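**Q**
Residue numbers (full-length UniProt numbering): 1 to 385.
(1) Would you grab the beta carbon distance between residue 191 and residue 235 for me? Rounded to a whole angstrom, and I think it's under 8 Å.
(2) Measure the CB-CB distance between residue 321 and residue 130 and report whether it falls below 8 Å.
(3) Just reading off the alpha helix (DSSP H) that residue 159 is part of, what are its end residues?
(4) When the Cα of residue 260 is compared with those of 302, 178, 326 and 153, which residue comes out closest?
(5) Which first and last residues belong to the alpha helix (DSSP H) in which residue 390 is found?
(6) Per DSSP, residue 261 is paired with what?
(7) What is the residue span of the alpha helix (DSSP H) that residue 426 lies within?
(8) Who are the Cβ neighbours of residue 382 in its own chain at under 8 Å, not counting the five residues just before and after it?
(9) Near residue 121, which residues of its chain fall below 8 Å by C-beta distance, leaving aside the five closest residues on each side in sequence?
(10) Sorted by chain position, which residues of the same chain lie with C-beta nearer than 8 Å to residue 220's C-beta, five sequence neighbours on each side aside?
(11) Going by beta carbon distance, what residues of the same chain come within less than 6 Å of residue 244, once the five residues before and after it are set aside?
(12) Find the nearest neighbour of residue 404 within the set 90, 311, 227 and 314, judged by alpha-carbon distance.
(13) For residue 370 and residue 204, I'd like the C-alpha separation in whole angstroms.
(14) Any idea which residues DSSP pairs residue 353 with across the strands?
(15) Of the choices 285, 201, 151 and 119, whose alpha-carbon is the least far from that of residue 84?
(16) Where do the N-terminal and C-terminal ends of the beta strand (DSSP E) with residue 282 fall, by residue?
(17) Which residues does DSSP pair with residue 306 in a beta bridge?
(18) Counting only the same chain and skipping the five closest in sequence on each side, list residues whose C-beta sits under 8 Å from that of residue 378.
(19) Identify whether residue 182 lies in helix, strand or coil by the three-state DSSP scheme.
(20) With 16 other CB atoms within 10 Å as the buried threshold, where does residue 263 fall?
(21) For residue 246 and residue 299, what's the separation of their Cα atoms in angstroms?
(22) Please classify residue 189 as buried or exposed, where buried requires at least 16 neighbouring CB atoms within 10 angstroms.
(23) Terminal residues of the continuous beta strand (DSSP E) containing residue 289?
(24) Which first and last residues belong to the alpha helix (DSSP H) in which residue 343 is found?
(25) Please report the Cβ distance between residue 224 and residue 144, rounded to the nearest whole angstrom; I am assuming they are in contact, meaning their Cβ atoms lie under 8 Å.
(26) Exposed or buried, which one is residue 27 when buried takes at least 16 other CB atoms within 10 Å?
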């Protein structure tokens, strides 16, 4: 064999080895995705379960991945509908923020309901919210709304950070009531794009159902879409103007203002209020939503809706997605939802004491750290029977 042939052969061998290694890495990556086990009710929410999923598209700029084709990545993501897979293929750089939005929604749900019988956990280990979403209850309404809100939030922020190719800083119009001496600029959160893309992606799953009017599945599809919209509007409507002063010695002789999203805890608290005031609805033969009882007003687009009453979540019931409250800590002196009377569903509670070690007597030391002591104290703990 000539030296030229040897070089060409070696080149083919190296290229083949490189491609083989790339394929192996790709399938290992897909294995991470598939390893997120899920139940029958799995949806795109599972993108927020494992942080590794959030980074799997970081390598989309790799030439080897373009040569091999990246469609299998989207096809293997857990819970994506066919329409969502197509959006994934067109907007691969959006998938990380979508996963981040799902994670944000899951965490906020658990935060807002930490002191309730249903604390946004599930009796199943596969899907994110489990069988809770099988019942078209207030709890299901909240999960849809907070998840959609999380995607709007994450996409809007990613636009501002320059992480997504189709969007950048906010192009929102200058508010008419802004002082004319203030500068409307800066780099604001692009909530307009975040809202539009979240609507396209999140609603795709429901719109593909093609359920006939008059059926339960049609009513469920329409109520899910309504609650998705309520979540998106919460983020959009609560975004506001943020300003920064400029000038010598912070004289604030000049202000620059831009559009900024509200803290997501504020969005979560707002949607929690909507959960408490949610309306039970039904859908007539024409597919129009109407109150379950005629004496109530038709809910607005900002309101949450539900079709079925919630279970009480007192006892373990995997069919309803209830973990029950046995073993949950409660507050003996509270009359609220975290109080032992309500949390324990009248079953009573057991009490014991435990020793807690915590930082105390903290002092600032020059320069530049805080020094604390460790203090021990005994606390009373009450646990539902």
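We put the CB at the ideal spot given by N, CA and C, even for glycine. Note that the structure is predicted; figures quoted are calculated from it, not measured.
**A** By the coordinates alone:
(1) 7 Å
(2) yes
(3) 138–160
(4) 153
(5) This structure cannot speak to residue 390, because the chain is shown only from 1 to 385.
(6) None; residue 261 has no bridge partner.
(7) Past the boundaries of the shown model lies residue 426; the chain is included only from 1 to 385, so the question cannot be answered.
(8) 329, 330, 331, 332, 340, 349, 350 and 351
(9) Correct list, in chain order: 110 and 323.
(10) Excluding the 5 residues flanking it on each side, residue 220 has same chain C-beta neighbours closer than 8 Å at 136, 211 and 307, in chain order.
(11) Counting only residues of its own chain and dropping the five nearest sequence neighbours on each side, residue 244 has a CB closer than 6 Å to the CB of 256.
(12) Summary: the structure shown does not reach residue 404, with the chain confined to residues 1 through 385, and so no result is reported for it.
(13) 51 Å
(14) 380
(15) 201
(16) 279–283
(17) Beta bridge pairing from DSSP links residue 306 with 280.
(18) 353, 354, 355 and 356
(19) coil
(20) Sixteen is the threshold: since fewer than 16 other Cβ atoms of the shown chains lie within 10 Å of the Cβ of residue 263, the residue is exposed.
(21) 45 Å
(22) buried
(23) 289–291
(24) 340–343
(25) 5 Å
(26) Model confidence at residue 27 stands at a pLDDT of 33, short of 50, so the residue's coordinates are unreliable and nothing is read from them.
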